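K.L.:
Numbering (the UniProt record's numbering), first residue to last: 36 to 505.
Think of the CB as a built atom: it goes at the ideal place given N, C-alpha and C, for glycine as much as any other residue.
This structure is a prediction, so every number in the text was calculated from the model and none was measured.
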Amino acid sequence: ASGSDENDVVVIGGGPGGYVAAIKAAQLGLKTTCIEKRGALGGTCLNVGCIPSKALLHSSHMYHEAKTSFAKHGVKFDNVDIDLAAMMGQKDKAVSNLTKGIEGLFKKNKVTYVKGYGKFLSPSEVSVDTLEGENTVVKGKNIIIATGSDVKGLPGITIDEKRIVSSTGALALTEIPKKLIVIGAGYIGLEMGSVWARLGSEVTVVEFAPDIVPSMDGEIRKQFQRSLEKQKMKFMLKTKVVAVDTSTDIVKLTLEPSAGGDQSILEADVVLVSAGRNPFTAGLGLENIGVETDKIGRIPVDKRFSTNVKGVFAIGDVIPGPMLAHKAEEDGIACVEFIAGKEGHVDYDKVPGVVYTHPEVASVGKTEEQVKELGIAYRVGKFPMLGNSRAKSIDDAEGLVKIIAEKETDKVLGVHIMCSNAGELIHEAALALTYDASSEDIARTCHAHPTLSEAVKEAAMATYDKAIHI
Ligand code: FAD
């Protein structure tokens, strides 16, 4: 397929932002081409991010449960073993099925798919070096940059994806490391650390800041860290890595307190660098058309996702905002709706965030710290999973639901959940925030029994009145 006829919309990048924008544009009747260099659709998220990490989190959780919990449910084995290659194979199959699925959706919706590296020639022309080694020019009235993000390295540390790995290497290790050091206690580091800790690695997380996952509500964060510590993950907070020595079989990291002080050495078989992600615009030729970027390489856009160059838009990880797949998708849909002459909207205050460890931690809206800082008078309602009959019946009752509501109006401002399946439970809270619901609205919504979701209802009751089961 060549995109030599003029398109209404050309999307550069086939990640969750780009492919969703392309499908939506086609559904709105716009002639659309999507350019992707990876040879597979789905971007970071599907190929080396959300999906393979969740596959491994699930597989490693099953192993861990089989080893530590099945017996008390009366399920007995003589022996439990890991076949790492099979575990990786299952993950790879999930990824390839899903990428092929998106190709199918492109065909169904008549999106032209060009496999290759896109580079701007003008605000309406993209030159593509195709994966077959040819060059083609794709023209479009509107061009959407959806080139996403890439691993952020650390000065002085060379990622070889074998012993010093990024998340991409950590998703494809061929042996279980005896000792794994994770640099960076964000959600990616904690998720990958959990995977390998469950499979038997001794995991130490080194973090420059005083806290893990800085965006999290402080009270939930404390409980979360304690839970991970119970799972034998170690934390070295307020600590920086000053040197890495890979000259022997064992990797040696020299550490120092963030504020300066005595150095120490920590050894590992594998080191995961998960210190964040950078917007990716290399080789895109932004300079050819004068698209501006900010200090950290992100592309600033207005409310309509327009860059400073007319007809050129940007969405997803490459623009400011939370670097999350569902946020990229929302951007993509709203951007295309504007291009089609409709209204689009993304409320960045109501983007849920989930850490897919066990228990999961999910949140939407404001943390207690943020509400305090804004000087809003508020009430907090909490309900521990220990009071939830479903959680007790399956012997998985760690965690709590915490709801923060405005004191005067009872309007829900933030919901924070730590429990298994918190990532599913959070959506009634997201809906509540979207509709400006009060905690009483949630509490008076009939919730099925016995479900984990009843903990959300009871936390809502506790916000303006009292819970029943505690
Ligand atoms: P990307 O997914 O990065 O896609 C951009 C695409 O553009 C890439 O495929 C790239 O090859 C292509 N491209 C770039 N430049 C060009 C060019 N010049 N020409 C052609 N193609 C180009 N988010 C969540 O919401 N939930 C999770 O559970 C989650 N887990 C994650 C786990 C890991 C280990 C990682 C690394 C990330 C995770 N994320 C998660 C983040 C999520 O992957 C990103 O937020 C999301 O992929 C951003 O989507 P995007 O479309 O903006 O960019």
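Leaving out five residues on either side along the sequence, give the residues of the same chain with a beta carbon under 6 Å from the beta carbon of Phe-348.
P.N.:
If we look at Phe-348 and ignore the five residues flanking it on each side, its Cβ neighbours are Ile-179, Phe-340, Ser-341, Cys-370.
K.L.:
Taking C-alpha atoms, which residue in Ser-162, Met-251, Glu-443 lies nearest to Lys-71?
P.N.:
Here the sequence assigns Glu to residue 71, which means Lys is not the residue at that position. Measuring from the Cα of Glu-71, the nearest candidate turns out to be Ser-162.
K.L.:
What residue range does the beta strand (DSSP E) around Tyr-148 cover?
P.N.:
First-last of the beta strand (DSSP E) with Tyr-148: 147-157.
K.L.:
Does the Cβ of Ala-317 have 16 or more other Cβ atoms within 10 Å, making it buried, or fewer, making it exposed?
P.N.:
Looking at its Cβ environment, which holds fewer than 16 other Cβ atoms inside 10 Å, Ala-317 is exposed.
K.L.:
Based on Cα-Cα distance, which residue from Glu-254, Phe-259, His-361 lies nearest to Asp-382?
P.N.:
The option with the nearest alpha carbon to Asp-382 is His-361.
K.L.:
Indicate, with yes or no, if ligand 1 has a heavy atom lying under 7 Å from the CB of Asp-352.
P.N.:
Result yes, Cβ under 7 Å from ligand 1.
K.L.:
Is Met-358 a contact residue of ligand 1, with contact defined as CB to any heavy atom under 7 Å?
P.N.:
Because some heavy atom of ligand 1 lies under 7 Å away, the Cβ of Met-358 counts as near it: yes.
K.L.:
How is Tyr-413 classed by DSSP in three states: helix, strand or coil?
P.N.:
In the structure shown, Tyr-413 sits in a strand (DSSP, three-state: E or B).
K.L.:
Between the region 163-175 and the region 270-283, do at least 3 Cβ pairs fall closer than 8 Å?
P.N.:
With the cut-off at 8 Å, the region 163-175 and the region 270-283 do not touch.
K.L.:
Using only the alpha-carbon positions, how far apart do Gln-405 and Thr-392 sit?
P.N.:
Those two C-alpha atoms are separated by around 24 Å.
K.L.:
Under 7 Å from any heavy atom of ligand 1, does the C-beta of residue 3 make it?
P.N.:
The structure shown has nothing for residue 3, since the chain only spans 36 to 505.
K.L.:
Considering only their Cβ atoms, is the gap separating Ser-293 from Phe-243 smaller than 8 Å?
P.N.:
Cβ atoms of Phe-243 and Ser-293: closer than 8 Å.
K.L.:
Would you decide whether Ala-483 is buried or exposed? Buried here means 16 or more other CB atoms lie within 10 Å of its CB.
P.N.:
Exposed: under 16 other Cβ atoms inside 10 Å.
K.L.:
Helix, strand or coil for Asn-144, going by three-state DSSP, please let me know.
P.N.:
Three-state result, Asn-144: helix.
K.L.:
Round the Cβ separation of Ser-455 and Asp-431 to the nearest angstrom and send it over; I've been treating them as touching at under 8 Å.
P.N.:
About 5 Å separates the two Cβ atoms, so the contact holds.
K.L.:
Secondary structure at Arg-333, three-state DSSP: helix, strand or coil?
P.N.:
It is coil, neither helix nor strand.
K.L.:
Should Ala-467 be labelled buried (16 or more other beta-carbon atoms within 10 Å of its own) or exposed?
P.N.:
Ala-467 should be labelled buried.
K.L.:
Give the DSSP-derived three-state secondary structure of Phe-373 in the structure shown.
P.N.:
If DSSP states are grouped into helix, strand and coil, Phe-373 belongs with the helices.
K.L.:
So, helix, strand or coil for Arg-86, using DSSP?
P.N.:
A small fix is needed here, since residue 86 is Ile in this sequence, not Arg. Helix at Ile-86.
K.L.:
Straight-line CA distance for Phe-418 to Val-491?
P.N.:
Straight-line Cα distance between these residues: approximately 8 Å.
K.L.:
Is it true that the region 323-342 meets the region 141-151, where meeting means three or more beta-carbon pairs spaced less than 8 Å apart?
P.N.:
Output reads no: the region 141-151 does not touch the region 323-342.
K.L.:
Would you check whether ligand 1 has a heavy atom nearer than 7 Å to the C-beta of Cys-80?
P.N.:
The answer is yes for Cys-80.
K.L.:
Can you tell me whether Leu-119 is buried or exposed? The criterion is at least 16 other CB atoms within 10 Å of its CB, across all chains shown.
P.N.:
Leu-119 is exposed by the Cβ-count criterion.
K.L.:
Have a look at the DSSP bridge pairing and note the partners of Ser-398.
P.N.:
The partner list for Ser-398 (beta bridge, DSSP) reads Gly-388, His-451.
K.L.:
Taking 7 Å as the cut-off, does the CB of Ser-95 come closer than this to any heavy atom belonging to ligand 1?
P.N.:
False, no ligand heavy atom lies under 7 Å from that Cβ.
K.L.:
If you reduce the DSSP assignment to three classes, tell me which class Arg-312 lands in.
P.N.:
Looking at Arg-312 - three-state DSSP - the assignment turns out to be strand.
K.L.:
Find the nearest neighbour of Ile-197 within the set Glu-264, Lys-107, Ile-285, judged by alpha-carbon distance.
P.N.:
In the sequence as displayed, the identity of residue 197 is Lys instead of Ile. Taking only the C-alpha atoms, the option nearest Lys-197 is Ile-285.
K.L.:
Is Val-45 closer than 8 Å to Ile-374 when the C-beta atoms are compared?
P.N.:
Not in contact: Ile-374 and Val-45 (Cβ atoms no closer than 8 Å).
K.L.:
In angstroms, rounded to a whole number, what distance separates the CA positions of Asp-445 and Arg-479?
P.N.:
Cα to Cα, the separation comes out at about 13 Å.
K.L.:
Any heavy atom of ligand 1 inside 7 Å of the beta-carbon of Leu-319?
P.N.:
Indeed, a heavy atom of ligand 1 lies less than 7 Å from the Cβ.
K.L.:
Do Arg-312 and Val-396 have their C-beta atoms closer together than 8 Å?
P.N.:
Not closer than 8 Å, so no.
K.L.:
Apart from the five residues on each side of it in sequence, which residues of its chain come closer than 6 Å, Cβ to Cβ, to Glu-254?
P.N.:
Closer than 6 Å at Cβ, skipping near neighbours: no residue.
K.L.:
Using 8 Å as the threshold, is the C-beta distance between Met-271 and Leu-290 below it?
P.N.:
Closer than 8 Å, so yes.
K.L.:
Is the closest heavy atom of ligand 1 to the C-beta of Thr-182 under 7 Å?
P.N.:
Yes; taking the cut-off as 7 Å, the Cβ of Thr-182 has a heavy atom of ligand 1 nearer than that.
K.L.:
With respect to 7 Å, is the separation between the Cβ of Glu-71 and the closest non-hydrogen atom of ligand 1 below this value?
P.N.:
Correct: Glu-71 has its Cβ closer than 7 Å to ligand 1.
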